[in-house]
Structures are given as C-alpha cells and as structure tokens.
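Numbering of the sequence shown is given in UniProt numbering, commencing with residue 1 and proceeding in unit increments. Each remark here refers to the structure printed beneath this line.
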Amino acid sequence: MQFPGRLLDVIIVAQLRSRLDGRLVPSFLSVESENNFPTSAGMASSASGTAAFAFALGKMYGLDGDYTSLSRRGSGSSCRSLLGGFVQWSSNHTDHTYHSSVQQLFPASHWSELRVLICVTNENPKPVGSTDAMLCCVKTSDLFRNGRVPSAKIHEKEIISALKNRDFSALAEATMRESNQLHALCLDTWPPCIYLNELSHSIMDFVHNINNYFMKNVVAYTFDAGPNAFLLTESQNISIVLKYLVECFGYTVGADSSVNDADKITIKCLNSNKYLKVTGIPYGLSDKPLDQNLLKILPSISGGIKYLISTEVGSGPQLISFIH
C-alpha cells in the first residue's frame, strides 16, 4: 500500500523536530492503523486518523508541547481532535499569508450532559472527496461568493454563545441551519456534489417532527460531507430519542442486519419487533409506551440505520499502549 503523501509530511516534520532536539531517529517506521468506524464515508475519518497519527508520532519521538501544527501537515481539520472538549478552528490570514489556529473554548466537563448519536446508514466511500468538493465549490458556487462566509461567521457566533450558556435549543437550531447551508452549497457547486440521500432527508424530517411535537428542540442533526447523520441531544432525552430511532429506522426482528456484532449491543423496543445495533456508550430505552400520534407523523424506513455509534464530548487523544 502506498503511504499518503500528506502523512509522509507529518512523519518528516516529526523526525526533523526530534533531530533538532538532539534525539536519534530510527531509519524505518512501521505503522499499523485501524478505524472503528467507516472510512471516507463523510464521518471525519481522515481528521481523526491524522490526529491520532500525529499524537502517536509526537509521543514516540518525545516531542514536547502542541501537536496541532504537526497534525495540520496531514489534515487541516485534524487539529480540532487534539485538544478535547469544545474546540474552535480559526483562520488567521492576510493578503500575503494564510494560517490557522485552534483553541479549546470549554473543557468536556463544561457540558457533560451533551450526547452524540451517529447514524451509520451508508459505509461506502463518498463519490467526491471533501478536498475536491471544497475546491470546486470555491470556483463555481455563486452562493459561496455571495455571502457564505458572513453567514458561517454568524452561525459560529451563535454556536459559541449556545455552548457558553449550555442552551441546547439555540445550539440545535444554529447547528442544523449551518448543516443545511453547507449542503445547499454542495448542490450549488457545478457539477453538483450530492452527499445527502433519501434516508438523510428522512432523518432530518424525523428530527423536525419530534421537535415540533414536543414544542422544543430535544434533538438536532448535522451532516458532514456524507449521508450519515450526527444527532445531538442531552442525557435526559437520549432514551426517548433512541426509542423512536429504533422504531422508525431499526431492523425487524429476524431480519439480517449484515453488521459485525462483535463490538455492538442490541437494543430493542418493548412491545415492538424492531431493534438496532449500537457501539460505544450504552443506554437503555425509555420505558414510556410509544406515542402513536407521534409515530403517525414520523418517517419510517425499516433497516435504514445499519447501526448507531453512541458517544459524547471527549477530553482529547489518549495513549492506550506504548511499545518500546
């Protein structure tokens, strides 16, 4: 397998820094990498993978201080994964230079009730890579040229304010609006970059219908460059959100989900024949009976979600083993 050029840059810079500190650097390097979620499917696998790679190299070579600049050599967005908590990635540019910086706004403990459910609906690689799509968007999208940057900055301020105040309703609306605008830009790119599919739109409808029914925002969606939804909610609402996800997008008991079950648990609705596989943080389902009036207005695609990844805001990369 040919090693990606951008990751070679990360290795070279790490080795140079180590040599400048007077350390001996081995001539050969063996890299074993494994993701526990789909790669190239619009779930930031390149960012998380590059961050883990830079962190591991930094530890191995004994580099001190900030690893974010090292990680950015391989993937700009990867620097967000190295600080933990709630992180802001900012651009600092002039007419002659372009730089970016990353800072932690709040630690993970600032809003410990926040939860994330990743709905894995399609594990296939996306048709257009994120970098190519961004370059094409900048060149061809009228929407991008006519106001995208000011609008994104407004959403950024709204999201930071919502995080500061732990205001889930405000966070939900700003996050969903930003996601929708991103994919409007993708459609405005020529030729269009279409990442969302019918199931993506069904999950969006699911979220809006639940929020309308409860007359407040209890769940929000956001999509990266892919069809898989990231759902945000809080700990007090996750059991009810999970219950309706299982009922609307789960598999029928007896159906083959075609999912490797080794690291997943099964959650099933009581008095229902639907179930879903979940990996990550386990939760029980609400013991309240399903509201039939709500079910009537929710979309239903049996087996639409292959499995869920259940997670929360983390405290940054962790070294789980070290081989000398």
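The beta carbon of each residue, even a glycine, is placed where N, CA and C say it ideally should be. All figures in this text were calculated on a predicted structure; none of them were measured in a lab.
Problem set entry | Candidates E234, G76 and Y251: closest to T112 by CA position | Residue identity differs from the one stated: residue 112 is Ser in this sequence, not Thr. The option with the nearest alpha carbon to S112 is E234.
For this session: Determine the extent of the beta strand (DSSP E) in which S310 is found, giving its start and end residues.
Result: Start and end: Y307 to E312.
Problem set entry | Test item: CB-CB of R73 and D9 under 7 Å | Yes; because the gap between Cβ atoms is below 7 Å, this pair is in contact.
Exercise. Which residues share a DSSP beta bridge with S315?
Worked result: DSSP output for S315 lists no bridge partner at all.
Exercise. Given D167, which residues of its chain have a CB within under 8 Å of its CB, disregarding the five upstream and five downstream residues?
Worked result: Only S161 meet the Cβ criterion.
Problem set entry | Counted within 10 angstroms of its Cβ, other Cβ atoms place L295 as buried (16 or more) or exposed | Residue environment: L295 is assigned as exposed (fewer than 16 neighbouring CB atoms within 10 Å of its CB, all protein chains considered).
For this session: Could you pull out every residue in the same chain whose Cβ sits closer than 7 Å to the Cβ of P227, ignoring the five residues on either side in sequence?
Result: Within the same chain, P227 has close Cβ partners G42, T121, N122, Y195, L196, N197, L199 and S200.
Exercise. Apart from the five residues on each side of it in sequence, which residues of its chain come closer than 7 Å, Cβ to Cβ, to N35?
Worked result: Here the set comprises S45 and G49.
Exercise. Within 10 angstroms of its Cβ, does K306 collect 16 or more other Cβ (buried), or is it exposed?
Worked result: Burial state of K306 is buried, judged by a 10 Å Cβ sphere holding 16 or more other Cβ atoms.
Exercise. Closest to A220 by CA distance: which of N212, V207 and F214 is it?
Worked result: Measuring from the Cα of A220, the nearest candidate turns out to be V207.
For this session: Identify which residue in N217, M176 and L242 has its Cα closest to the Cα of D287.
Result: With distances taken between CA atoms, D287 lies nearest to L242 out of N217, M176 and L242.
Exercise. For S91, which of C248, A152 and G314 has the nearest alpha-carbon?
Worked result: Out of C248, A152 and G314, A152 has the C-alpha closest to the C-alpha of S91.
Exercise. With distances taken from CA atoms, which of L143, M134, V116 and F230 is nearest Q236?
Worked result: Closest in alpha carbon position to Q236, among L143, M134, V116 and F230, is V116.
Problem set entry | T252 classed as buried or exposed, judged by whether at least 16 other C-beta atoms fall within 10 angstroms | Its Cβ having fewer than 16 others within 10 Å, T252 is exposed.
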